[in-house]
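All residue numbers for the sequence shown refer to our numbering, where the first residue is 4 and numbers rise by one.
Ideal Cβ positions, reconstructed from N, Cα and C, are used throughout, including at glycine.
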Amino acid sequence: MKPRPPSPAWPRQVTVLAGGVGGAKGADGVYRLLPPHTLTVIVNTGDDFEHMGLPISPDLDTVMYTLAGIQHPEQGWGLAGDTFHALEMLGRYGAPTWFRLGDKDLATHILRRHWLDRGMTLTQVTDRLRRALGVQARLLPMSDDPVRTVVMTDEGELPFQEYFVHRGARPRVRAIRFRGIEMARPTPEVLSALDAAQVIIFAPSNPYLSLDPILALPGVRERLRRRREQVVAISPIIGGQAVKGPAAKLMQEFGLPASALTVARHYREIVGGFLLDTRDAALAPEIEALDMRVTVVDTWMRSPEDKVRVARAALRTAGWMV
Ligand code: FO1
Numbered sequence: 004m005k006p007r008p009p010s011p012a013w014p015r016q017v018t019v020l021a022g023g024v025g026g027a028k029g030a031d032g033v034y035r036l037l038p039p040h041t042l043t044v045i046v047n048t049g050d051d052f053e054h055m056g057l058p059i060s061p062d063l064d065t066v067m068y069t070l071a072g073i074q075h076p077e078q079g080w081g082l083a084g085d086t087f088h089a090l091e092m093l094g095r096y097g098a099p100t101w102f103r104l105g106d107k108d109l110a111t112h113i114l115r116r117h118w119l120d121r122g123m124t125l126t127q128v129t130d131r132l133r134r135a136l137g138v139q140a141r142l143l144p145m146s147d148d149p150v151r152t153v154v155m156t157d158e159g160e161l162p163f164q165e166y167f168v169h170r171g172a173r174p175r176v177r178a179i180r181f182r183g184i185e186m187a188r189p190t191p192e193v194l195s196a197l198d199a200a201q202v203i204i205f206a207p208s209n210p211y212l213s214l215d216p217i218l219a220l221p222g223v224r225e226r227l228r229r230r231r232e233q234v235v236a237i238s239p240i241i242g243g244q245a246v247k248g249p250a251a252k253l254m255q256e257f258g259l260p261a262s263a264l265t266v267a268r269h270y271r272e273i274v275g276g277f278l279l280d281t282r283d284a285a286l287a288p289e290i291e292a293l294d295m296r297v298t299v300v301d302t303w304m305r306s307p308e309d310k311v312r313v314a315r316a317a318l319r320t321a322g323w324m325v
């Protein structure tokens, strides 16, 4: 990444690609740092599934609840202070309870079901839900067409939540597929959010499970490649470990070193800036050799201040002196 003159102005539009808990934290840092309307989040929908007749969009809900400040503080997903009386009653009927749906969380799925059945798109449903929760950033599902991540494991093909939650991401993964990706299109809103942004940030999400589905949609990689200079990735790997989830385990199962360098190599065609954690500072020269501008910073986000620090470092890596 060529050194760019720092711009004293602040970016008017920042687009974050996100999925999962780490993705929500990365988006929240930008949301807290910049004027709230600056942010658009393009969210993975590959984890979505229908559960007991309800359409569940875990990553959209995790980002939405986090930006609304109502997410469960330890888990990152679900709602703070939620109860599970409905789930308990479902259990008494012998219904599955491995996917824990809280009583307040159920309202989101019930309403999404109701509005989708009345013909609204997932994009329209998401917009109504986030506005009702007072979230001023735009939240965009990556597509309004169904895409379902399927994990090919030693024990056969598993739908994503079956692998991730029910089996605790324990089965050994051979490959990951995105069912429906051939027919799916990014929404027009997603494509214009990529074109209009002054900065595009890959939140510290799982590259294979959370961001690859977005990158697999037609037109997305080309747009990012054209703007590689303004695209910055925050490493989801710290000291060879994922902060949360199976990213490092997947790398090992794919025969790759579990490191931030593997992440940088994964994105090298489309990302020009990389946020590397201080614990991995020794990797900086190898990542710079990928023609990436590297910022070494503490990327572990455990507080609102941490999130803002990481967001500021990402924007500075793209040349914005926020
Ligand atoms: N993750 C779990 O590990 N266990 C659960 O019971 C669980 C329930 C759940 C309910 C709603 C929701 O939006 C997310 C939920 N998640 C749960 C997290 C979810 O599986 C993951 O956050 C994403 O799919 C991948 O990051």
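> Between V168 and V17, is the Cβ-Cβ spacing less than 8 Å?
Replying inline: Looking up residue 168 in the sequence shown gives position 165. Looking up residue 17 in the sequence shown gives position 14. It is not a contact, given that the beta carbons lie outside the stated cut-off.
>> Can you tell me whether V24 is helix, strand or coil according to DSSP?
In response: Here the question's residue 24 lines up with position 21 in the sequence shown. V24: helix per DSSP, three-state reduction.
> First and last residue of the alpha helix (DSSP H) that includes L63?
Replying inline: In the sequence shown, residue 63 corresponds to position 60, counting from 1. P61 to L70 is the span of the alpha helix (DSSP H), which, as asked, contains L63.
> Sorted by chain position, which residues of the same chain lie with C-beta nearer than 6 Å to D283's C-beta, five sequence neighbours on each side aside?
Replying inline: Against the sequence shown, residue 283 aligns to sequence position 280. Counting only Cβ-Cβ distances below 6 Å, and skipping sequence neighbours, we find A263.
> Which residue or residues does DSSP assign as beta-bridge partners of G159?
Replying inline: Taking the sequence shown and counting its residues from 1, the one referred to as residue 159 is at position 156. Looking at the DSSP assignment, G159 forms a beta bridge with T156.
>> Suppose only complete runs of 4+ residues qualify. What are the alpha helix (DSSP H) ranges in the region 198 to 285, listed by chain order?
In response: 215 to 218, 223 to 229, 250 to 256 and 263 to 270
> In whole angstroms, what is the alpha-carbon distance linking P14 and P174?
Replying inline: Taking the first residue of the sequence shown as position 1, residue 14 is located at position 11. Taking the first residue of the sequence shown as position 1, residue 174 is located at position 171. Cα to Cα, P14 sits roughly 43 Å from P174.
> Going by C-alpha distance, which of G72, V24 and V19 is nearest M304?
Replying inline: Here residue 304 refers to the residue found at position 301 when the sequence shown is read from its first residue. The shortest C-alpha separation from M304 is found at V24.
> Just how far apart, CA to CA, sit G242 and G183?
Replying inline: Looking up residue 242 in the sequence shown gives position 239. Looking up residue 183 in the sequence shown gives position 180. Straight-line Cα distance between these residues: approximately 35 Å.
> In whole angstroms, what separates the C-alpha of P8 from that of R319?
Replying inline: The count along the sequence shown starts at 1 and reaches residue 8 at position 5. The count along the sequence shown starts at 1 and reaches residue 319 at position 316. Low local confidence applies: a pLDDT of 49 at P8 is under 50, so the model's placement there is unreliable, and no value is given.
> Which whole-angstrom value describes the C-beta separation of M295 and V274, a residue pair presumed to lie in contact below a C-beta threshold of 8 Å?
Replying inline: If you number the sequence shown from 1, residue 295 lands on position 292. If you number the sequence shown from 1, residue 274 lands on position 271. With 8 Å as the limit, M295 and V274 qualify as a contact, their Cβ atoms being about 7 Å apart.
>> If contacts are defined as beta-carbon pairs under 8 Å, then P162 and R151 qualify, I think. What distance do you get, rounded to the angstrom?
In response: Here residue 162 is taken as the residue at index 159 of the sequence shown, counted from 1. Here residue 151 is taken as the residue at index 148 of the sequence shown, counted from 1. That belief holds up - the Cβ atoms of P162 and R151 are roughly 7 Å apart, short of 8 Å.
> Mind checking whether the beta-carbon of G94 lies closer than 7 Å to any heavy atom of ligand 1?
Replying inline: Against the sequence shown, residue 94 aligns to sequence position 91. Checking the Cβ of G94 against ligand 1 gives no.
> Cβ of V266 versus every heavy atom of ligand 1: is any distance shorter than 7 Å?
Replying inline: Counting from 1 along the sequence shown, the entry for residue 266 is found at position 263. No.
> If we count the other Cβ atoms within 10 Å of its Cβ and call it buried at 16 or more, is P288 buried or exposed?
Replying inline: By 1-based counting over the sequence shown, the position of residue 288 is 285. The residue is exposed, with fewer than 16 neighbouring Cβ atoms inside 10 Å.
> Are there three or more Cβ pairs, one per stretch, closer than 8 Å when the region 209 to 220 is compared with the region 125 to 139?
Replying inline: no
>> Could you pull the DSSP bridge partners for E289 from this structure?
In response: Reading the sequence shown from its first residue, position 286 is the one you call residue 289. Answer is none; E289 lacks a bridge partner.
> Looking only at its own chain, which residues have a Cβ that is under 7 Å from the Cβ of L259, when we skip the five neighbours before and after it?
Replying inline: Sequence index remark: in the sequence shown, residue 259 carries index 256 (1-based). Closer than 7 Å at the Cβ level, and outside the excluded window around L259, lie T265.
>> I'd like the list of long-range same chain contacts for Y211, defined as Cβ closer than 6 Å, with 5 residues on each side in sequence excluded.
In response: As a working mapping, residue 211 is identified with position 208 in the sequence shown. Taken in chain order, the residues that qualify are I179 and L253.
> Between Y68 and the rest of its own chain, which residues show a CB-CB distance below 7 Å, the 5 nearest in sequence each way excluded?
Replying inline: Position 65 of the sequence shown, counted from the first residue, corresponds to residue 68. Counting only Cβ-Cβ distances below 7 Å, and skipping sequence neighbours, we find Q74 and L82.
>> Please classify A321 as buried or exposed, where buried requires at least 16 other C-beta atoms within 10 Å of its C-beta.
In response: What you label residue 321 is simply residue 318 of the sequence shown in a count that begins at 1. Classification for A321: buried.
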